[in-house]
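*Asks:* Take a look at this one; I'll ask things after.
Printed below as a string of structure tokens:
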């Protein structure tokens, strides 16, 4: 079993892998088997070729019982990078299982920005326990980072970077670097600074390599140089990296002095997190929730938005209850009314999702908001017309009443137009008030389309059918 | 007006900017004003400090009339990079406005991977017209890339990279690079290859800089070296970059020979696109649609999923119509039944979104699928119990019938459990059959919760109330 030498570079045979980057059920089974048999050599042989990110995924996918046994069996092979890759809830669990010496070794391997990420959500005494094992300079760097607001550029940046005075030439920069005892593990640019340590440009190592020694660094700076304030929200940082194709960017303090550098791999991870957050929030799911939460924890996390939905559904029911007399006379109304509400809800969700995404991507701004709202209202009117004909005809054929057909047709036009208006105006308004439109828009919009759908359909029916 | 010297590095004063990276309504107004006045100098002064990506966003946000006039006034200042940054629909429009010489100049500035991106969706004769202006070597490179499948690594990679034999040392690599006439515009690694051109490792330029001349390159290779097959789906490529924190990665052909390199900025753009696609698909929006589509085009793009929803809503109506006699006797049922359906739909959407996201992030795999389905069913059961008590009590208080209370309570438990099962099983099944679960899950799940919701509520009512 431990003659298996799969590496990330040499993917396992087809039948072992389900998707391009899935570990595969057989590999997981072999790993659990090794744990069951207390076979440390087999476990190490299975995990050794895996990237820490894949080991972290594995730990997230197995259950808590196997997770604990695996970590205890793996012992001092446990790598600091695995900790960095774990999602928060599992990580806190894993931290409790690790024996203190293994944890200390693991933490000492990490860069300061990864240590910050690791400990920022822990209790004070847990933070102290981890910080204690660091060297003095690292501990100071981590403590300093923790003074910046959560989700800010200051938490994301690394403090290891290479800078050079703006008046240097290529030769001076190369000589300087080649004489350094230690350079950062990962760096792609040299940051040029003026005498006050304000960053004024950056030069890629590639440009440095391909230029003659006497060329001035200032003549090689990138077009896409972009400075990030240390308090900037990490979502804005990720946007800037994606928008301007940055690879690394200098971070400055309130005096515009260079204090750190953010690299694109961290920005990409933030972009991924932000997307996940938007998607889950739009569906009314707590973005802190995790696939490995327990049944009870998951149920509790799902409850709040379901309670909100219960309230709004009761609001719609209250509207219906005003028309009980009409429904008692024409039961067909009870059959057809969910169609009107459902079409409005779906159209509203379409518009809303487009608007929330466009706001996140900065495609929907003050310059085009009025045009977009008008367009969506017209789209609703147009598609309302299409479904008015379809449902009006169907209502007539089904229940033999032309008036019922007209009523449902009119309700369809009204509700789809409302969907277009609400789907744009609600997120725009929330955004204007600084509330994440992904978080609360859905409930507002579907409540509106439910209420207006039932009200227009049953109201018109009461007027024209009774 | 043209004394305005805003640059991306020196953000405009607060009142000019709405978000961290919005251009601001006043800036847009000044630009449109310049276009209105045919004031080319003012237009150039406004646009000159902007990044091409921001100019592209501006073009997307103004209407077609202004867009055309702006481009014609801007004339030969129009930069190739603006074209690369435009979304597809607007880009095709802009290509028609540009005069052929401006277009030729713009295209010649671009890297081969950007030209591929630019022309891959154009008609053959339009492709030829653009390819004609390129130098022979570039044209061949572009044509070669177009032979790879759309959305594959082959379309994403750049052909400009630096490689070195695996047996070289640092000094040889540095001398080689410093003697090159031309090095790629952007590169961060040297790819090590064996004599058959198989990539065997990569070395960052930073490592090269910080190592003595006699150190072997093979001792400096990165841990996270990862090889990408040229036919791999770009979504998988983006996943690998994010998962393994890659900065650049070698792309190999079917003989495992190095043919190109993908860098993280392109992978980040793909990740962003994939997320947008998932989000829009989940809401039933055509992912090709754009904020700048016309009313007619938008209405047409929204129609298909609304038609699907109409059909499924009619299915639910059909279920209700089987219980007309029951509803005629107890109109309260018509008031309460949308609540059961709505709670099921919301719970189902929560579960579904979590599952779709987890599938996309490779967090939900064959190893934990059974556990996740079981967990979600139990969560549904648990929360169903909570809402059974709430709604049962409310139903009793509202309509004074304890039996009605029990009926709605039972229907709530059934429907929320179905929501948990359907919300996980539907996307897992679609994924297993190679269908994007984001695309079709929503309709399946809400149809199921609607139908089961109405069926259980009205069915139980018929049994126990009549």
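Residue numbers (my numbering), protein chains in the order written: chain A, 405 to 870; chain B, 405 to 870.
All C-beta atoms in this analysis are idealised placements derived from N, C-alpha and C, irrespective of residue type, glycine included.
(1) For residue 408 of chain A, which of helix, strand or coil comes out of DSSP?
(2) Does the Cβ of residue 700 of chain B have 16 or more other Cβ atoms within 10 Å, making it buried, or fewer, making it exposed?
(3) State the DSSP-derived secondary structure class of residue 666 of chain B, mapped to helix, strand or coil.
(4) To the nearest angstrom, how far is it from the Cα of residue 803 of chain A to the Cα of residue 845 of chain B?
(5) Beta carbons nearer than 9 angstroms to chain A: which residues of the stretch 654-676 of chain B have them?
(6) Assuming contact is defined by CB atoms lying nearer than 8 angstroms, are residue 702 of chain A and residue 783 of chain B in contact in what I supplied?
(7) If you compare alpha carbons, which of B/477, B/455 and B/469 is closest to residue 445 of chain B?
(8) In chain order, what residues of the same chain lie with their CB nearer than 6 angstroms to the CB of residue 560 of chain B, ignoring the 5 residues before and after it?
(9) For the stretch 761-774 of chain A, which residues have a beta carbon sitting closer than 7 angstroms to at least one beta carbon of chain B?
(10) Find the nearest neighbour of residue 791 of chain A within the set A/810, A/769, A/799 and A/816, judged by alpha-carbon distance.
(11) Taking the alpha helix (DSSP H) that residue 788 of chain A falls in, what are its first and last residues?
(12) Keeping to the same chain, check which residues put their C-beta closer than 8 angstroms to that of residue 656 of chain B; ignore five residues upstream and five downstream.
(13) My parser needs the beta strand (DSSP E) runs of 3 or more residues fully inside the stretch 583-633 of chain A; what are they?
(14) Measure how close the beta-carbons of residue 684 of chain A and residue 761 of chain B come, nearest whole angstrom, since I'm counting them as under 8 angstroms.
(15) If the cut is a Cβ gap below 8 angstroms, which residues of chain A does residue 614 of chain B touch?
(16) Output yes or no for whether 8 angstroms exceeds the beta carbon distance between residue 535 of chain B and residue 522 of chain B.
(17) Using a threshold of 7 angstroms, is the CB atom of residue 683 of chain A nearer than that to any non-hydrogen atom of the ligand MG?
(18) Taking C-beta to C-beta, are residue 621 of chain A and residue 573 of chain A nearer than 8 angstroms?
(19) Could you tell me which whole beta strand (DSSP E) segments of length 3 or greater appear in the stretch 521-596 of chain B?
(20) Near residue 738 of chain B, which residues of its chain fall below 8 angstroms by C-beta distance, leaving aside the five closest residues on each side in sequence?
(21) Should residue 683 of chain B be flagged as near chain A, meaning a C-beta pair shorter than 8 angstroms?
(22) Does any residue of chain A have a CB that is nearer than 8 angstroms to the CB of residue 856 of chain B?
(23) For the stretch 509-542 of chain B, enumerate the residues whose C-beta is nearer than 9 angstroms to any C-beta of chain A, in chain order.
(24) Just how far apart, CA to CA, sit residue 745 of chain B and residue 865 of chain B?
(25) What's the gap between the Cα of residue 858 of chain B and the Cα of residue 818 of chain B?
(26) Just checking: is the beta-carbon of residue 445 of chain B within a distance shorter than 8 angstroms of some beta-carbon in chain A?
(27) With the cut-off set at 8 angstroms, would you say residue 583 of chain A and residue 594 of chain A are in Cβ contact?
(28) Verify whether the separation of the beta carbon atoms of residue 824 of chain B and residue 755 of chain B is less than 8 angstroms.
(29) Apart from the five residues on each side of it in sequence, which residues of its chain come closer than 7 angstroms, Cβ to Cβ, to residue 458 of chain A?
(30) Residues of chain B with CB closer than 9 angstroms to the CB of residue 610 of chain A, please, in chain order.
(31) Would you decide whether residue 562 of chain B is buried or exposed? Buried here means 16 or more other CB atoms lie within 10 Å of its CB.
(32) Within 8 angstroms of any Cβ in chain A, is that where the Cβ of residue 432 of chain B sits?
(33) Need the endpoints of the beta strand (DSSP E) that residue 698 of chain B sits in, please.
(34) Nearest to residue 821 of chain B by alpha carbon, out of B/806, B/839 and B/780?
(35) CB-CB under 8 angstroms to residue 763 of chain B, same chain, minus the five flanking residues each way: which ones, in chain order?
(36) Can you find a CB in chain A that lies within less than 8 angstroms of the CB of residue 473 of chain B?
*Replies:* In short:
(1) Residue 408 of chain A sits at position 4 when you count from the first residue of the first chain. Residue placement at residue 408 of chain A is flagged as unreliable, the pLDDT there being 41, under the threshold of 50; a coordinate-derived value is accordingly withheld.
(2) Residue numbering aside, residue 700 of chain B sits at position 296 when the second chain is read from its first letter. With fewer than 16 Cβ atoms within 10 Å of its Cβ, residue 700 of chain B is classed as exposed.
(3) Looking up residue 666 of chain B in the second chain gives position 262. Strand, per DSSP.
(4) Sequence index remark: in the first chain, residue 803 of chain A carries index 399 (1-based). Sequence index remark: in the second chain, residue 845 of chain B carries index 441 (1-based). Roughly 32 angstroms between the two C-alpha positions.
(5) 667, 668, 669, 670, 671, 672, 673, 675 and 676
(6) Taking the first chain and counting its residues from 1, one reaches residue 702 of chain A at position 298. Taking the second chain and counting its residues from 1, one reaches residue 783 of chain B at position 379. A contact, by the Cβ cut-off of 8 angstroms.
(7) For this step, residue 445 of chain B is matched to residue 41 along the second chain. Minimum Cα distance to residue 445 of chain B is reached at B/477.
(8) Walking along the second chain from the start, residue 560 of chain B turns up at place 156. Cβ neighbours of residue 560 of chain B beyond the five flanking positions: 638, 666 and 670.
(9) 761, 762, 766, 767, 768, 769, 770, 771 and 772
(10) Here residue 791 of chain A refers to the residue found at position 387 of the first chain. It is A/816.
(11) The count along the first chain starts at 1 and reaches residue 788 of chain A at position 384. Per DSSP, residue 788 of chain A belongs to the alpha helix (DSSP H) from 773-803.
(12) Within the second chain, numbered from 1, the residue matching residue 656 of chain B stands at position 252. Correct list, in chain order: 602, 603, 631, 632, 633, 634, 662 and 663.
(13) 593-597 and 603-608
(14) Position 280 of the first chain, counted from the first residue, corresponds to residue 684 of chain A. Position 357 of the second chain, counted from the first residue, corresponds to residue 761 of chain B. Confirmed, Cβ separation roughly 7 angstroms.
(15) As a first step, residue 614 of chain B must be located in the second chain, where it is residue number 210. Ordered by position in chain A, the residues that pass the 8 angstroms Cβ test against residue 614 of chain B are 581, 582, 584, 586 and 587.
(16) Start at 1 with the first residue of the second chain, and residue 535 of chain B comes out as number 131. Start at 1 with the first residue of the second chain, and residue 522 of chain B comes out as number 118. No, the Cβ-Cβ distance between residue 535 of chain B and residue 522 of chain B is not below 8 angstroms.
(17) As for the ligand MG, it is missing from this structure, which has no ligand bound.
(18) Reading the first chain from its first residue, position 217 is the one you call residue 621 of chain A. Reading the first chain from its first residue, position 169 is the one you call residue 573 of chain A. Cβ distance < 8 angstroms, so residue 621 of chain A and residue 573 of chain A count as in contact.
(19) 567-569
(20) In the second chain, the residue the question calls residue 738 of chain B occupies position 334. Same-chain partners within the cutoff: 731.
(21) Translated into the one-based positions of the second chain, residue 683 of chain B becomes position 279. Answer yes: the Cβ-Cβ gap between residue 683 of chain B and chain A drops below 8 angstroms somewhere.
(22) Residue mapping note: residue 856 of chain B aligns to position 452 of the second chain, counting from 1. Judged by the 8 angstroms Cβ criterion, residue 856 of chain B is not in contact with chain A.
(23) none
(24) In the second chain, the residue the question calls residue 745 of chain B occupies position 341. In the second chain, the residue the question calls residue 865 of chain B occupies position 461. Distance between the alpha carbons of residue 745 of chain B and residue 865 of chain B: 15 angstroms.
(25) Position 454 of the second chain, counted from the first residue, corresponds to residue 858 of chain B. Position 414 of the second chain, counted from the first residue, corresponds to residue 818 of chain B. C-alpha separation (whole angstroms): 11 angstroms.
(26) On the second chain, residue 445 of chain B is found 41 positions in, with the first residue counted as 1. No, no contact with chain A.
(27) Here residue 583 of chain A corresponds to residue number 179 of the first chain, with the count starting at 1. Here residue 594 of chain A corresponds to residue number 190 of the first chain, with the count starting at 1. No.
(28) Counted from its first residue, the second chain places residue 824 of chain B at position 420. Counted from its first residue, the second chain places residue 755 of chain B at position 351. Yes; because the gap between Cβ atoms is below 8 angstroms, this pair is in contact.
(29) Translated into positions along the first chain, residue 458 of chain A becomes position 54. 427.
(30) Along the first chain, one-based indexing puts residue 610 of chain A at 206. Under the 9 angstroms cutoff, chain B gives 566, 581, 587, 588, 589, 590, 591, 592 and 609.
(31) Within the second chain, residue 562 of chain B is the residue found at index 158, counting from 1. Label assigned to residue 562 of chain B: buried.
(32) Position 28 of the second chain, counted from the start, is the residue given in the question as residue 432 of chain B. So, interface residue.
(33) Counting from one through the second chain, the residue named residue 698 of chain B turns up at place 294. Per DSSP, residue 698 of chain B belongs to no beta strand (DSSP E) and is neither H nor E.
(34) Taking the second chain and counting its residues from 1, one reaches residue 821 of chain B at position 417. Nearest option by C-alpha distance: B/780.
(35) Counting from one through the second chain, the residue named residue 763 of chain B turns up at place 359. Closer than 8 angstroms at the Cβ level, and outside the excluded window around residue 763 of chain B, lie 831, 832, 835 and 841.
(36) Here residue 473 of chain B refers to the residue found at position 69 of the second chain. No, its Cβ sits nowhere closer than 8 angstroms to a Cβ of chain A.
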